[in-house]
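Following: one structure in structure tokens, then a few remarks.
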Amino acid sequence: MIELETVSLRRGEALVLDRLDLTLPERRIGVIGANGSGKSSFARLLNGLLVPTEGRVRIAGLDTAVEGKAVRRRVGFVFQNPDNQIVYPTVGEDVAFGLKARNVAKGEIAARVSATLARHGLAGFEDRLVHELSGGERQMVALAGVLVSEPDLLVLDEPTTLLDLRNTRRIIEAVEASERTVVLVTHDLDLLAGFERVLCFEGGRLAADGPPAETIARYRALAA
Ligand SMILES: Nc1ncnc2c1ncn2[C@@H]1O[C@H](COP(=O)(O)OP(=O)(O)OP(=O)(O)O)[C@@H](O)[C@H]1O
Ligand SMILES: [Mg+2]
Numbered sequence: 001m002i003e004l005e006t007v008s009l010r011r012g013e014a015l016v017l018d019r020l021d022l023t024l025p026e027r028r029i030g031v032i033g034a035n036g037s038g039k040s041s042f043a044r045l046l047n048g049l050l051v052p053t054e055g056r057v058r059i060a061g062l063d064t065a066v067e068g069k070a071v072r073r074r075v076g077f078v079f080q081n082p083d084n085q086i087v088y089p090t091v092g093e094d095v096a097f098g099l100k101a102r103n104v105a106k107g108e109i110a111a112r113v114s115a116t117l118a119r120h121g122l123a124g125f126e127d128r129l130v131h132e133l134s135g136g137e138r139q140m141v142a143l144a145g146v147l148v149s150e151p152d153l154l155v156l157d158e159p160t161t162l163l164d165l166r167n168t169r170r171i172i173e174a175v176e177a178s179e180r181t182v183v184l185v186t187h188d189l190d191l192l193a194g195f196e197r198v199l200c201f202e203g204g205r206l207a208a209d210g211p212p213a214e215t216i217a218r219y220r221a222l223a224a
């Protein structure tokens with residue numbers, strides 16, 4: 001469960017999010033809105049990467065400003081740009097990182113890494129150098145690196161912008177197959193079919209909040 005209690009966020013001089021009150025018990029939550037409307041800032045609040053200037057964000061009852069570490073253990077975050085996320089030179093090391101941090105037994109790590117890579121179209125990529133991969137391959141590595149540790153909440157910030165149709169489909173399937181809560185920020189409105197709830201941001205405030213068709217209609221009207 002995600003809870004925002006009168007949350008405002010300032011970044012530099014700008015008021016980026018303005019008094020959001022939200023309770024999100026749903027398992028499939030979409031986030032849409034214009035460039036600069038606050039989507040990524042909202043997403044970053046959910047794993048404590050940003051903490052509110054005012055108000056409170058709670059994930060499974062944990063206050064992100066107080067228990068950031070515990071929150072980050074539960075929340076997997078995939079960035080808009082995979083280069084912000086990949087830290088190790090090889091694919092295998094990078095995907096293993098989250099498991100090592102969670103003290104998974106050494107013998108189990110290699111098997112989980114290779115199974116996760118295979119599931120994301122990256123079978124046998126363990127020793128490939130990340131900087132030699134294509135943009136889309138890097139995006140899939142970033143996603144695999146988060147999914148491998150099976151977080152309770154998965155936050156995806158425009159995970160498909162670099163991807164071809166097959167890998168976009170893989171992301172959709174990963175979301176559909178996941179039993180976890182998923183928050184998906186996207187400009188690709190087709191991805192939100194079947195979502196339970198979609199939020200539309202406009203200038204740091206909620207312009208719409210409801211089922212996909214309703215929120216998307218409002219978004220289109222705002223952009224017209
Ligand atoms: N460190 C910062 N200092 C000042 N303003 C910032 C800072 N970081 C972000 N902003 C501003 O906050 C606003 C919201 O940014 P955010 O990245 O959340 O938008 P977004 O909805 O994700 O946009 P996009 O669709 O382009 O990814 C933007 O106007 C941005 O310029
Ligand atoms: Mg963004």
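So the sequence shown is numbered by the UniProt record's numbering: it starts at 1 and just counts up by one.
Yeah, the Cβ is synthetic: ideal placement off N, Cα and C, and Gly gets one too.
If you follow the alpha helix (DSSP H) that PHE42 is part of, which residue opens it and which one closes it?
Taking the sequence shown and counting its residues from 1, the one referred to as residue 42 is at position 42. Taken as a continuous stretch (DSSP letters only), the alpha helix (DSSP H) holding PHE42 covers 39-45.
Please report the distance separating the alpha-carbon of ASP18 from that of LEU9.
Here residue 18 corresponds to residue number 18 of the sequence shown, with the count starting at 1. Here residue 9 corresponds to residue number 9 of the sequence shown, with the count starting at 1. Inter-residue distance for ASP18 and LEU9 is about 7 Å (C-alpha atoms, whole angstroms).
Within a Cβ cutoff of 7 Å, which residues of the same chain sit near SER114, ignoring the five residues on either side of it in sequence?
As a working mapping, residue 114 is identified with position 114 in the sequence shown. Taken in chain order, the residues that qualify are GLU126.
Fully enclosed by the region 188-218, which beta strand (DSSP E) runs are 3 residues long or longer?
197-202, 205-210
Hey, which unbroken runs of the alpha helix (DSSP H) at 4 residues or more fall wholly within the region 115-164?
135-147
4-residue-minimum alpha helix (DSSP H) runs that sit fully inside the region 66-97, ordered along the chain:
Within the region 66-97, the complete alpha helix (DSSP H) runs of at least 4 residues fall at 68-74.
Between the beta-carbon of SER149 and the beta-carbon of GLY76, is there less than 8 Å?
Here the question's residue 149 lines up with position 149 in the sequence shown. Here the question's residue 76 lines up with position 76 in the sequence shown. Their beta carbons are under 8 Å apart, which means SER149 touches GLY76 by this criterion.
Candidates ARG166, THR23, LEU222, LEU156: which alpha carbon is nearest VAL31's?
If you number the sequence shown from 1, residue 31 lands on position 31. Nearest C-alpha to VAL31: LEU156.
Closer than 7 Å to a non-hydrogen atom of ligand 1 - does that hold for the CB of PHE125?
Here residue 125 refers to the residue found at position 125 of the sequence shown. When distances are taken from the beta-carbon of PHE125 to the heavy atoms of ligand 1, even the shortest one reaches 7 Å or more.
Closer than 7 Å to ligand 2: residues, by C-beta to nearest heavy atom, in chain order
LYS39, SER40, GLN80, ASP157, GLU158, VAL185
DSSP bridge partner residues for ASP63 (one or two, in chain order):
Counting from 1 along the sequence shown, the entry for residue 63 is found at position 63. Partner(s): ARG58.
Take every Cβ of the region 91-104, pair it with every Cβ of the region 169-180, and state whether three or more of those distances are shorter than 8 Å.
no
Below 8 Å on the Cβ atoms is my guess for GLY33 versus PHE201; work out the distance and round it to an integer in Å.
The count along the sequence shown starts at 1 and reaches residue 33 at position 33. The count along the sequence shown starts at 1 and reaches residue 201 at position 201. Rounded to whole angstroms, the Cβ separation of GLY33 and PHE201 is 4 Å, and the two are in contact under 8 Å.
Endpoints, the beta strand (DSSP E) within which GLU179 is located:
The residue you call residue 179 lines up with position 179 of the sequence shown. Segment: none, GLU179 is in no beta strand (DSSP E) and carries neither H nor E.
What's the C-alpha gap between ALA60 and GLU158?
If you number the sequence shown from 1, residue 60 lands on position 60. If you number the sequence shown from 1, residue 158 lands on position 158. Taking the straight line joining both Cα atoms gives about 24 Å.
Can ARG11 be considered in contact with ligand 1, in the sense that its beta carbon sits closer than 7 Å to one or more heavy atoms?
Locating residue 11 in the sequence shown gives position 11, counting from the first residue. Flag set: Cβ of ARG11 near ligand 1.
Within 10 angstroms of the Cβ of SER37, are there 16 or more other Cβ atoms? Answer buried if so, exposed if not.
As a first step, residue 37 is located in the sequence shown; it is residue number 37 there, counting from the start. Result: buried.
How would you write the range of the beta strand (DSSP E) that VAL31 sits in, first residue to last?
Mapped onto the sequence shown, residue 31 falls at position 31. It spans 28-33 - the beta strand (DSSP E) in which VAL31 sits, taken as one unbroken run.
How is the beta strand (DSSP E) around LEU17 delimited, first residue to last?
Indexing the sequence shown from 1 puts residue 17 at position 17. Start and end: 14-24.
Using alpha carbons as the reference points, say which of ARG170, GLU132, LEU162, LEU165 lies closest to ALA144.
As a working mapping, residue 144 is identified with position 144 in the sequence shown. Per the Cα distances, ARG170.
Relative to the C-alpha of VAL183, which residue among LEU45, ALA213, PRO82 is closest?
Within the sequence shown, residue 183 is the residue found at index 183, counting from 1. Measuring from the Cα of VAL183, the nearest candidate turns out to be LEU45.
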